[in-house]
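These protein sequences, in sequence, are chains F and B.
Residues in the first sequence are numbered from 27 upward in steps of one, following this note's numbering.
Residues in the second sequence are numbered from 173 upward in steps of one, following this note's numbering.
Beta carbons: idealized from backbone N, C-alpha and C, even for Gly.
Data block below; observations after.
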Amino acid sequence: MSKMDLSPGSEARKRRLSALSIAPEGDMTALWSAWTEVHGEPAFTQLRAPEIGTVMVRGRAGAVGAPFNLGEITVTRASVQLASGVVGHGYVQGRSKTLALRVALIDALAEDGQGADIEASFIEPLERDRGGKRAARDKKAAKTKVEFFTMVRGEG
Amino acid sequence: MYVAVKGGERAIDNAHEWLAEERRGDVSVDELSVAQIREQLALAVSRVMAEGSLFDPDLAALAIKQARGDMIEAVFLIRAFRTTLPRFGSSEPIDTGAMACDRRISATFKDLPGGQVLGPTFDYTHRLIDFALAATGDAPLDADEAAERAGVDAERELIPHVMEFLDREDLVQQEPTDAEIDATPPPDLTREPLDFPADRPLRLQAITRGDEGFVLSMAYSTQRGFGRNHPFVGELRVGEVEVEMDIPELGFAITVGTITATECETVNQFLGSKSEPPQFTRGYGLVLGHCERKAISMALVDRALRWKELGEDNTGAPAQDEEFVLYHSDNVQATGFLEHIKLPHYVDFQSELELIRKLRAEAKANQAQQAEDTPFQDAAE
Chain F
27 MSKMDLSPGS EARKRRLSAL SIAPEGDMTA LWSAWTEVHG EPAFTQLRAP
77 EIGTVMVRGR AGAVGAPFNL GEITVTRASV QLASGVVGHG YVQGRSKTLA
127 LRVALIDALA EDGQGADIEA SFIEPLERDR GGKRAARDKK AAKTKVEFFT
177 MVRGEG
Chain B
173 MYVAVKGGER AIDNAHEWLA EERRGDVSVD ELSVAQIREQ LALAVSRVMA
223 EGSLFDPDLA ALAIKQARGD MIEAVFLIRA FRTTLPRFGS SEPIDTGAMA
273 CDRRISATFK DLPGGQVLGP TFDYTHRLID FALAATGDAP LDADEAAERA
323 GVDAERELIP HVMEFLDRED LVQQEPTDAE IDATPPPDLT REPLDFPADR
373 PLRLQAITRG DEGFVLSMAY STQRGFGRNH PFVGELRVGE VEVEMDIPEL
423 GFAITVGTIT ATECETVNQF LGSKSEPPQF TRGYGLVLGH CERKAISMAL
473 VDRALRWKEL GEDNTGAPAQ DEEFVLYHSD NVQATGFLEH IKLPHYVDFQ
523 SELELIRKLR AEAKANQAQQ AEDTPFQDAA E
């Protein structure tokens with residue numbers, strides 16, 4: 027499915043859930059307690075209790091050719107419904123049921139008209155942190171960039 | 173036929189208790205935490221994830237701890253755990269072209285877009301034991317790190333695959349395009365038993381989870397002349413890749429995780445065959461985690477196994493024999509069958525024992541009979 031197909035709402039949800047799924051648990055705990063301090067714990071029911079499972083990751087032969095099964099990753103998912111009836115889904119890498127439930131809640135709150143708040147309180151800081159960590163690694167990598175010179179072989 | 177035994181529960185419990193004690197070792201020495209293993213034995217963790225076919229660093233670190241560092245036992249634990257989990261689905265094929273590379277080198281092109289990035293490598297070290305590491309202490313801190321982390325939000329530059337340059341000149345055999353690829357899902361040997369002849373996706377799945385030592389030896393055998401195919405490492409890259417999966421309840425794909433992966437593409441000499449013009453051919457290795465030796469080995473073995481589709485001769489080399497390679501690459505399968513022979517086989521062995529006694533008795537009786545029948549032979553000799 028190409029990005030072109032998505033509505034702005036779906037595009038935002040995709041970005042949100044993608045940032046949340048790979049967020050470090052420690053960061054999420056801190057962001058969530060900051061959120062609940064202001065907004066309180068939301069009331070919800072579990073539509074799908076948190077469940078640990080796997081996703082089979084595929085690669086491609088020669089990087090671009092036929093798909094093959096590379097191996098699995100652990101993923102935990104959950105779905106919740108707010109008192110308003112709005113549903114949220116959470117998928118997180120790893121085996122944390124708490125985290126999956128929390129992500130589903132955050133998704134539901136965003137779908138329930140609090141999108142801008144969620145964006146500012148979770149998505150932006152998470153993306154900024156990830157970008158920063160990545161940039162730091164990139165700089166380290168750049169420092170190991172080499173220029174090799176081929177030596178001219180002497181004859182005789 | 174294996175006949176089960178029963179009993180010995182108390183002795184077994186005691187043995188396992190002692191095992192736990194031995195695992196802990198001298199209690200005056202600090203206990204290892206799972207996080208320490210994950211962070212400080214990262215390559216061991218990578219190997220367990222690759223061969224366990226499950227990317228979960230915490231789980232792999234725990235398995236290594238539980239297995240007392242026995243890597244195959246740790247792989248076994250991971251495989252067993254994996255079977256208890258439901259599978260939510262399969263990802264979109266990962267885009268290694270979008271990899272955030274920690275390391276990216278080419279042995280074929282000196283100057284190339286994206287450059288030669290060594291990354292954290294053992295290459296060019298002198299392999300001298302560093303006794304400084306025996307002294308415990310804080311790791312040297314990178315003074316720039318905090319500054320580097322602070323709010324840098326640079327757009328990443330994608331590093332193109334080296335193969336693309338050869339592709340453009342039509343000098344290397346092309347991979348099939350999406351339109352040419354069979355749309356049915358690739359075979360999955362964790363769901364269906366191996367089936368021969370195996371297509372390339374099935375072979376790649378088997379090799380990527382194969383034992384590193386076995387795959388290395390197979391690859392080495394091709395370099396030494398058994399199924400020779402003269403490889404160059406066109407590219408080796410290690411880094412982080414995002415995993416996207418279509419979520420039915422959402423109606424679109426989201427990132428469900430990131431993995432570290434190692435990818436190796438080899439460029440191999442090829443003089444052409446009945447079906448193919450002279451051109452370079454490819455071998456491909458892709459492994460979960462940071463496993464360079466394995467990725468390079470995988471690419472060599474992949475290339476050796478492609479003899480049929482490239483119209484090459486089968487020289488009878490072990491690395492060209494897909495049944496030999498695929499049936500023997502899995503270390504959990506291998507160790508399961510090998511180690512089961514140390515378990516009680518008393519009934520089995522009793523029947524063998526009785527058989528051999530009977531045969532011996534018969535043989536002795538025959539000899540005695542023969543001696544009686546030909547009484548003069550001994551004297552004649």
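In the structure shown, residue 281 of chain B falls within a coil segment according to DSSP collapsed to helix, strand and coil. Listed in chain order, the alpha helix (DSSP H) elements of length 4 or more contained wholly in the stretch 47-87 of chain F are 51-65.
For secondary structure counted as the alpha helix (DSSP H) over 4 or more consecutive residues, the stretch 329-374 of chain B holds these complete runs in sequence order: 335-340. Taken through DSSP and simplified to helix, strand or coil, residue 431 of chain B comes out as strand. Of F:117, F:73 and F:86, the smallest CA-CA separation from residue 350 of chain B is found for F:86.
Under the DSSP definition of a beta bridge, residue 113 of chain F partners with F:107. DSSP places residue 120 of chain F outside any alpha helix (DSSP H), giving it a letter other than H or E. A residue is called buried when at least 16 other Cβ atoms come within 10 angstroms of its Cβ; residue 373 of chain B meets this threshold and is buried. Residue environment analysis places residue 94 of chain F among the buried positions, since at least 16 neighbouring C-beta atoms fall within 10 angstroms of its C-beta. At a cut-off of 8 angstroms, the C-beta of residue 94 of chain F has a neighbouring C-beta in chain B.
Counting along the chain, no beta strand (DSSP E) covers residue 468 of chain B; the unbroken alpha helix (DSSP H) around it starts and ends at 464-477. Residue environment analysis places residue 523 of chain B among the exposed positions, since fewer than 16 neighbouring C-beta atoms fall within 10 angstroms of its C-beta. Taking every protein chain shown into account, the CB of residue 403 of chain B has 16 or more other CB atoms within 10 angstroms, so this residue is buried. For residue 358 of chain B, the CB contacts under 6 angstroms within the same chain, skipping 5 residues up- and downstream, are 373 in chain order.
Residues of the stretch 160-177 of chain F with a C-beta atom less than 9 angstroms from some C-beta of chain B are 160, 161, 162, 163, 164, 165, 166, 167, 168, 170, 171, 172, 173, 174, 175 and 176, listed in chain order. Boundaries for residue 454 of chain B: no alpha helix (DSSP H) harbours it, while the beta strand (DSSP E) harbouring it runs 453-460, taken from the DSSP string. The beta carbon of residue 451 of chain B sits no closer than 8 angstroms to any beta carbon of chain F. In terms of Cα proximity to residue 277 of chain B, the closest of B:270, B:286 and B:454 is B:286.
Between the beta-carbon of residue 432 of chain B and that of residue 414 of chain B there is about 11 angstroms, and that puts the pair past the 8 angstroms contact cut.
Taken in chain order, the members of the stretch 236-260 of chain B whose beta-carbon sits within less than 8 angstroms of a beta-carbon on chain F are 254, 257, 258, 259 and 260. Within the stretch 82-115 of chain F, contact with chain B at the beta-carbon level (separation under 8 angstroms) is assigned to 82, 83, 84, 85, 86, 87, 88, 89, 90, 91, 92, 93, 94, 95, 96, 97, 98, 99, 100, 101, 103, 105 and 115. Residues of the stretch 357-369 of chain B that bring their beta carbon within less than 7 angstroms of a beta carbon in chain F comprise 358 and 360, in sequence order. Of the candidates B:294, B:342 and B:272, the residue whose Cα lies closest to the Cα of residue 168 of chain F is B:272.
Taken atom to atom, the span from the alpha-carbon of residue 79 of chain F to that of residue 259 of chain B is near 5 angstroms.
With a threshold of 8 angstroms between beta carbons, residue 272 of chain B makes contact with chain F. Residue pairing of residue 156 of chain F in beta bridges, as defined by DSSP: absent, with no partner found.
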